[in-house]
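Asks:
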Amino acid sequence: MAPKYKLTYFDARGRGEPTRLIFAAAGVEFEDNRLTFEEWPAIKPTTPMGGLPLLEVDGVTLCQSLAIARFAARDVGLAGKSNLEQAQADMFVDEISELLPKMAGLFFEKDEAVKAEKQKEVEELIVKTYTILEKLSGSAGYLVGNRLLWCDLIFFNIASNVENLKPGTVQNYPKLAKSYENVKLNSRIAAYLAKRKETPF
Amino acid sequence: MPSYKLIYFETRGQAEPARLLFAAGGLQYDDVRLTREQWKELKPKTAMGNLPILEVDGTAICQSKAIARLIAKEVGMAGKTPLEQARADMIADTVDELSAPCLAFYILPDKNKAEVLKKEFVEKTLPPTVALFEKFASAEGYFVGNSLTWADVTFFAFMDWVITAFPGDHLKGYENLKKVMDNVSSNQGIVKYLEERPETPY
Chain A
405 MAPKYKLTYF DARGRGEPTR LIFAAAGVEF EDNRLTFEEW PAIKPTTPMG GLPLLEVDGV
465 TLCQSLAIAR FAARDVGLAG KSNLEQAQAD MFVDEISELL PKMAGLFFEK DEAVKAEKQK
525 EVEELIVKTY TILEKLSGSA GYLVGNRLLW CDLIFFNIAS NVENLKPGTV QNYPKLAKSY
585 ENVKLNSRIA AYLAKRKETP F
Chain B
-10 MPSYKLIYFE TRGQAEPARL LFAAGGLQYD DVRLTREQWK ELKPKTAMGN LPILEVDGTA
50 ICQSKAIARL IAKEVGMAGK TPLEQARADM IADTVDELSA PCLAFYILPD KNKAEVLKKE
110 FVEKTLPPTV ALFEKFASAE GYFVGNSLTW ADVTFFAFMD WVITAFPGDH LKGYENLKKV
170 MDNVSSNQGI VKYLEERPET PY
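Just so you know, the sequences run in chain order A and B. Sequential numbering of the first sequence, starting at 405, is according to my numbering. Sequential numbering of the second sequence, starting at -10, is according to my numbering.
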């Protein structure tokens, strides 16, 4: 029987990885459809809003990476128990996701002088964002409440990229570091990461 | 019944969808509007250091969409099924992508650059996105299912700002979107709120 979910993205982590991590953490099978950059132009006009990722489920095609990730999280029980807990998780996801455009801009910058300037901006934004998240974070080893939720996975995903940029950053923030380690140590996530394909982004 | 306090500036901005949703749902809340000076004083005392903030029985939530989605859930305007909720999220995220760069129009020190960005926005960025939104709105004037959700309200709040900043009929020819705007503005609670809310530049 075919998996219930089909995720379509590029052969990269990027905006597809949050949902992959959510399914991995829940031990839920899904079709991980990876497109090459050559295939994309022909597929683009067939998509709801001209972008990736897409999630196909029950005959419906969803777009917008966080709408997809939140839907997946809810479906597999990683969204949060109450409306309030879910809002707290959403808050963390939105706050940490503000780093993405600046980090992507830095990653793809070719001009060395501009890149150095962008690196400085990104590092400042990281400090600003992590400081806020540390203050908001719970003390039980997870960002919200006392168990792993999708916000911990989203934080881990982006924080991993930050660690690549500047190793040791997360260790300066004790509560965030705990969440980060707990995701890394989660047996399903550890297994997923061990066999995950290396991609540049 | 939880107690709600919404804290923002005196403007519509990132808090207006939340205010509209409270109004639509008939939910009581404390609509705290801060001057810049008041925020300067309060800011270091908050964990997040940014606005809007929604306090629910003292628990503080930031991030405008997280706030709007929570209120929507409380008043039954989030979407009836998980797939409907995801659809509402999709629309709200797309509105957010469109509106996020617009803050620069007001805060850029280089006013000439701001004018260039404004022109680019209204001539190049807005029209194709409006065309896209038309496809997602039903003929009855709803983005999700057949009743008002926070997706419609979020779109309304955004266009409400667009019309302030760029007077004109940006929805000309887009009948579904015009219906969305009508459905939102004719909601009983919202009618009253729109009559009573203070006039703000944005």
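Beta carbons are placed, not taken as given, at the ideal position from N, Cα and C, and that holds for glycine.
1. Note down, in chain order, every chain B residue with its Cβ under 9 Å from the Cβ of residue 464(A).
2. Excluding the five sequence neighbours on either side, which residues of its own chain have a C-beta within less than 8 Å of the C-beta of residue 135(B), listed in chain order?
3. Can a CB atom of chain A be found closer than 9 Å to the CB of residue 143(B)?
4. When we look at the beta-carbon of residue 58(B) and count the other beta-carbons within 10 Å, is it buried (16 or more) or exposed?
5. Distance, Cα to Cα, residue 133(B) vs residue 82(B)?
6. Tell me where the beta strand (DSSP E) around residue 502(A) begins and ends.
7. Quick check: what's the CA-CA separation for residue 150(B) versus residue 6(B)?
8. Quick one: Cα of residue 96(B) to Cα of residue 592(A), how far?
9. Would you say residue 62(B) faces chain A, with C-beta separation under 9 Å as the test?
10. Just to confirm the assignment: which complete alpha helix (DSSP H) runs, minimum length 4, are found wholly within the segment 439 to 487 of chain A?
11. According to DSSP, what are the bridge partners of residue 437(A)?
12. Could you give the distance in angstroms between the alpha-carbon of residue 18(B) and the alpha-carbon of residue -6(B)?
13. Taking only beta-carbon positions, decide if residue 479(A) is within less than 9 Å of chain B.
14. Straight-line CA distance for residue 487(A) to residue 75(B)?
15. If we require 4 or more residues per run, which alpha helix (DSSP H) segments fall completely within the segment 43 to 74 of chain B?
16. Since residue 435(A) contacts residue 409(A) with CB under 8 Å, what's their CB separation in whole angstroms?
17. Rounded to whole angstroms, what is the Cα-Cα separation between residue 586(A) and residue 580(A)?
18. Mind checking residue 568(A): buried by the 16 CB within 10 Å criterion, or exposed?
19. For a cutoff of 9 Å on Cβ pairs, would you count residue 8(B) as touching chain E?
Replies: According to the data block:
1. Reading the first sequence from its first residue, position 60 is the one you call residue 464(A). Those are 72, 75 and 76, listed as they occur along chain B.
2. Within the second sequence, the letter at position 146 stands for residue 135(B). Cβ within range, chain order: 127 and 129.
3. Within the second sequence, numbered from 1, the residue matching residue 143(B) stands at position 154. Output row for residue 143(B): interface = no.
4. By 1-based counting over the second sequence, the position of residue 58(B) is 69. Buried, by the Cβ-count rule.
5. As a working mapping, residue 133(B) is identified with position 144 in the second sequence. As a working mapping, residue 82(B) is identified with position 93 in the second sequence. One C-alpha to the other measures close to 14 Å.
6. As a working note, residue 502(A) is residue 98 in the first sequence. It is not in any beta strand (DSSP E) - residue 502(A) carries neither H nor E in the DSSP assignment.
7. Counting from 1 along the second sequence, the entry for residue 150(B) is found at position 161. Counting from 1 along the second sequence, the entry for residue 6(B) is found at position 17. Residue 150(B) and residue 6(B): Cα-Cα distance of roughly 11 Å.
8. Walking along the second sequence from the start, residue 96(B) turns up at place 107. Walking along the first sequence from the start, residue 592(A) turns up at place 188. When rounded, the distance between both Cα atoms is 45 Å.
9. On the second sequence, position 73 is the one that residue 62(B) refers to. Residue 62(B) counts as touching chain A.
10. 444 to 447 and 469 to 480
11. The count along the first sequence starts at 1 and reaches residue 437(A) at position 33. 412(A).
12. As a first step, residue 18(B) must be located in the second sequence, where it is residue number 29. As a first step, residue -6(B) must be located in the second sequence, where it is residue number 5. Using only the alpha carbons, I get a separation of about 6 Å.
13. As a working note, residue 479(A) is residue 75 in the first sequence. Cβ-Cβ to chain B under 9 Å: yes for residue 479(A).
14. As a first step, residue 487(A) is located in the first sequence; it is residue number 83 there, counting from the start. As a first step, residue 75(B) is located in the second sequence; it is residue number 86 there, counting from the start. Near 15 Å, if we compare the C-alpha coordinates of residue 75(B) and residue 487(A).
15. 53 to 63
16. Walking along the first sequence from the start, residue 435(A) turns up at place 31. Walking along the first sequence from the start, residue 409(A) turns up at place 5. Residue 435(A) to residue 409(A), Cβ: 7 Å. Contact.
17. Walking along the first sequence from the start, residue 586(A) turns up at place 182. Walking along the first sequence from the start, residue 580(A) turns up at place 176. Taking the straight line from one Cα to the other gives about 10 Å.
18. Numbered from 1 along the first sequence, position 164 holds the residue referred to as residue 568(A). The residue in question, residue 568(A), is exposed, as its Cβ has fewer than 16 Cβ neighbours within 10 Å.
19. Absent from the structure is chain E; the protein chains it does hold are A and B.
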